[in-house]
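From first to last, the protein sequence lines are chains B and X. Quick note, the first sequence lines up with residues 104 to 266 if you use the numbering used here. Quick note, the second sequence lines up with residues 104 to 266 if you use the numbering used here. We treat Cβ as the ideally placed atom computed from N, Cα and C, and that holds for glycine. Written out below as structure tokens is the structure these notes cover.
There are 2 protein chains.
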Amino acid sequence: MRGAALKRVPLDHESRMRDNDHQALRLWLRILTCTNLIESAVRARLRASFNCTLPRFDLMAQLERHPEGLKMGELSRRLMVTGGNVTGITGQLVKEGLVTREPLLNDRRANLVKLTPAGSKAFNRMAQEHEQWVSRLFSHLPERDRRQLHLLLGALKTGLTNH
Amino acid sequence: MRGAALKRVPLDHESRMRDNDHQALRLWLRILTCTNLIESAVRARLRASFNCTLPRFDLMAQLERHPEGLKMGELSRRLMVTGGNVTGITGQLVKEGLVTREPLLNDRRANLVKLTPAGSKAFNRMAQEHEQWVSRLFSHLPERDRRQLHLLLGALKTGLTNH
């Protein structure tokens, strides 16, 4: 490179970059670990208390938020956990009388999926307990820390969405 | 708080509880959303740059951290992302000369999986870029916020692990 002093510039820059990279990677692995720990706790409790899988709960949650119904494709896109087979879960819920799946009037190739009143009732019973489990999972964090975490993740999310 | 005011105590307590529950649930959904956003960005880049899936990258990352090799069961347990078929991915990596899968001397029913030197080289090439992608995904957060987030998630993780 140029001159003795300059020699160290690329190295310093590089090692600072590497520190930033390592820090970001550690942060990402920590987010992922927390997600996995919470997910597996919720999964186990849904199974034990309601014999329900997380993808099935997730699918019903999306439908509860959309009483007007969702097309199968929209439903798939909105799911927050992976590993579920949307067609299979929906078919099972139809059989149990918890959702309806009707062809759309203006697009007969698309099906509109809706919770039935019984489905909504079943979901809300689970959702109430689910909310308490989640609350307990976070209860060791002081409220101030939870609020701070919420804010920081909000900033992260905004940046990620605009990426 | 005793006398007329007491009447309001159970209600206040209950509504505070409900607020806490809602807050925890919102926090959990935000963590999950951030995880999903980062995961799908990384997934897309791995695919585009290396024609590699995230579960395959994850599997190679675990092997890189364990040069002594891992049994199939250990390998499965250590994976951080879902959706991969460990046996299928391992078989494919063996075919490509990137890992070896050998029966253990003292337990011939168990296979020990190791990265080959070529596998290690291929992984490190991807890992370097992966680290930079992740770094960029977090780059809109000031360093102070990243550090703060790391600390708060550390406290969350500790609580979850001791749960």
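- Residue state for R212(B) is assigned as coil, using DSSP reduced to three classes.
- Check the Cα spacing between L263(X) and each of G191(X), W131(X), M163(X), H125(X): the tightest is with W131(X).
- By the CB criterion at 8 Å, Q235(B) and L255(X) fall outside the cutoff.
- When DSSP states are grouped into helix, strand and coil, T185(X) belongs to the coil group.
- The three-state reading of DSSP puts E234(X) in helix, counting H, G and I together.
- Listed along chain B, the residues sitting closer than 8 Å to M183(X) by beta-carbon distance are L132, L135, T136, N139.
- Within the segment 223-255 of chain B, contact with chain X at the beta-carbon level (separation under 7 Å) is assigned to E234, Q235, V237, S238, L240, F241, H243, L244, D248, R249, Q251, L252, H253, L255.
- Assignment of T203(X) by DSSP, reduced to helix, strand and coil, places it in the strand class.
- Look at R168(X): its C-beta is not under 8 Å from any C-beta on chain B.
- Secondary structure note for E167(B): its alpha helix (DSSP H) is the uninterrupted segment 157-168.
- Shown here, L218(B) sits in a strand according to DSSP, grouped into three states.
- Around the beta carbon of D210(B), fewer than 16 other beta carbons sit within 10 angstroms, so the residue counts as exposed.
- Around K217(X), the same chain offers G172, T203 as residues with beta carbons nearer than 6 Å, after the five sequence neighbours per side are excluded.
- The segment 148-155 of chain B and the segment 147-154 of chain X do not touch, with fewer than three beta-carbon pairs separated by less than 8 Å.
- Looking at the backbone, the Cα of A144(B) and that of N214(B) are separated by about 33 Å.
- By DSSP's assignment, L173(B) forms a beta bridge with V216(B).
- DSSP places L244(X) in no alpha helix (DSSP H); its state is neither H nor E.
- Under the Cβ criterion (8 Å, minimum of three pairs), the segment 194-201 of chain X counts as touching the segment 219-232 of chain X.
- Interface residue (Cβ-Cβ distance to chain X less than 8 Å): Q165(B) is not classified as such.
- Residue contact with chain X for L173(B): absent (no Cβ-Cβ distance below 8 Å to any residue of chain X).
- For T190(B), no chain X residue has a C-beta closer than 7 Å to its own C-beta; the minimum C-beta separation is roughly 17 Å.
- Around the beta carbon of R212(B), fewer than 16 other beta carbons sit within 10 angstroms, so the residue counts as exposed.
- Between G187(X) and R159(X), the gap from beta carbon to beta carbon is short of 8 Å.
- When secondary structure is reduced to three states using DSSP, N154(B) falls in the coil class, being assigned neither helix nor strand.
- Taking a Cβ-Cβ threshold of 7 Å, none of the residues of chain X is close to K198(B); the smallest such distance is about 26 Å.
- In this structure, the straight-line span from the alpha carbon of L244(X) to that of L259(B) is close to 7 Å.
- Residues of chain X with a Cβ closer than 8 Å to the Cβ of T264(B) are, in chain order, L140.
- Nearest in C-alpha terms to L162(X), of all of T193(X), R247(X), D122(X), is T193(X).
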